[in-house]
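Q: Quick one: the structure is below, questions incoming.
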Amino acid sequence: MVYSIVKVSLSFTPLLAILSVALGDPILRKLLLEWVSRALGNEVIELKPKPVLLLKWNEEFEAYLKERKGISEEQVNKYRSYFKRFFEGKVLNEEFVEEAASFPDWARVTFRHYVRWLQLERKIDSEFVEWALKKVPTRRYKTNVKIHEISFEEVSKALETLKRENERFYWLYRLLLESGIRLAHTLESLESWNPNEKVFVEP
1 MVYSIVKVSL SFTPLLAILS VALGDPILRK LLLEWVSRAL GNEVIELKPK
51 PVLLLKWNEE FEAYLKERKG ISEEQVNKYR SYFKRFFEGK VLNEEFVEEA
101 ASFPDWARVT FRHYVRWLQL ERKIDSEFVE WALKKVPTRR YKTNVKIHEI
151 SFEEVSKALE TLKRENERFY WLYRLLLESG IRLAHTLESL ESWNPNEKVF
201 VEP
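Residue numbers for the sequence shown follow full-length UniProt numbering, beginning at 1 and rising by one.
What follows is the structure, given as C-alpha cells:
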C-alpha cells in the first residue's frame, strides 16, 4: 500500500514541473488560469492578473526607447530622471498603478512606455497592461498660448528685409509661412532638397 502511494505521488512530478514552468510565463499563466476557471466554474470567484515585479531601469528598456520608439538621447535622459524619482524599486501592482495615475505628466508618459516594454518582453499580462494604460492617462496638454497678431504689412516688410540681407533665411521663412509645417521639418526638407530630383503629382 505504501508503495502504491509513493508511485502515484511520483507520477505527478513531471506534471508539476510543467505547471511550474507555465506559471512563470505570463501568457501561459493566463491560459492556464482561464482553463482552471472554466473547469472549476463557480469555485473560482475572480480571475484577475496581478503581476508582482520590481520596477527597475535597465539598458534593455533604454535601448527600446531609442531604437524601437526613436526617442532622442535628451528625452531618454528625461524619462530616466522621472523613472528614478517615481518608479525605481517600486512593486508593480494594482495599488501602485492607482497611485501612478496622480503622478506628473512626464512621469505618466514614462510609466506607459515602461509597461508597454514589459508587455513586449512578456513580463506582464496584456490584460493588465490594457487596464493600467486606461488608469494612467498620457500627458494633459494645456492651451495657455498668448496670441500676438501680425499684420500683412509687417510680414511683407520682414520678408523684404530677409531677402535683401540673407536669402537663405528668406526662403526658410517663406517655406514656414506658406507650408505651415514645423521648423524641424522645414530644415530637414531644405537639407535633403535636390534641385535635380523630379516630383510627379497625380491629379
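All C-beta atoms in this analysis are idealised placements derived from N, C-alpha and C, irrespective of residue type, glycine included. Since this is a predicted model, take the numbers as computed values, not measurements.
I'd like the list of long-range same chain contacts for Y64, defined as Cβ closer than 7 Å, with 5 residues on each side in sequence excluded.
A: To locate residue 64, count along the sequence shown from 1; it is residue 64. Cβ neighbours of Y64 beyond the five flanking positions: W117.
Q: Mapping DSSP to helix, strand and coil, what is K7?
A: Counting from one through the sequence shown, the residue named residue 7 turns up at place 7. Unreliable placement is indicated for K7, whose pLDDT of 42 sits below 50; the coordinate value is still reported in the next sentence. In the structure shown, K7 sits in a helix (DSSP, three-state: H, G or I).
Q: How is the alpha helix (DSSP H) around K163 delimited, first residue to last?
A: The residue given as residue 163 occupies position 163 in the sequence shown. Counting along the chain, the alpha helix (DSSP H) containing K163 begins and ends at F152 to E165.
Q: Alpha carbons only, please: which of E188, R112, S151 and P26 is nearest the one belonging to K134?
A: Translated into positions along the sequence shown, residue 134 becomes position 134. Comparing Cα-Cα distances from K134 to each of E188, R112, S151 and P26, the minimum goes to R112.
Q: Evaluate contact between the region 122-131 and the region 103-110, counting only Cβ atoms and requiring at least three cross-stretch pairs below 8 Å.
A: Contact fails: fewer than three Cβ-Cβ distances are below 8 Å.
Q: Looking at the secondary structure, which residues open and close the alpha helix (DSSP H) in which K134 lies?
A: For this step, residue 134 is matched to residue 134 along the sequence shown. S126 to K135 is the extent of the alpha helix (DSSP H) around K134.
Q: For F83, count neighbouring C-beta atoms within 10 Å of its own C-beta (all shown protein chains included) and say buried if the count is 16 or more, exposed if not.
A: Along the sequence shown, one-based indexing puts residue 83 at 83. The residue in question, F83, is buried, as its Cβ has 16 or more Cβ neighbours within 10 Å.
Q: Which whole-angstrom value describes the C-beta separation of T186 and L177, a residue pair presumed to lie in contact below a C-beta threshold of 8 Å?
A: Residue mapping note: residue 186 aligns to position 186 of the sequence shown, counting from 1. Residue mapping note: residue 177 aligns to position 177 of the sequence shown, counting from 1. With 8 Å as the limit, T186 and L177 do not qualify as a contact, their Cβ atoms being about 10 Å apart.
Q: In angstroms with no decimal places, state the Cα-to-Cα distance between N93 and L53.
A: Reading the sequence shown from its first residue, position 93 is the one you call residue 93. Reading the sequence shown from its first residue, position 53 is the one you call residue 53. Looking at the two C-alpha atoms, the distance is approximately 8 Å.
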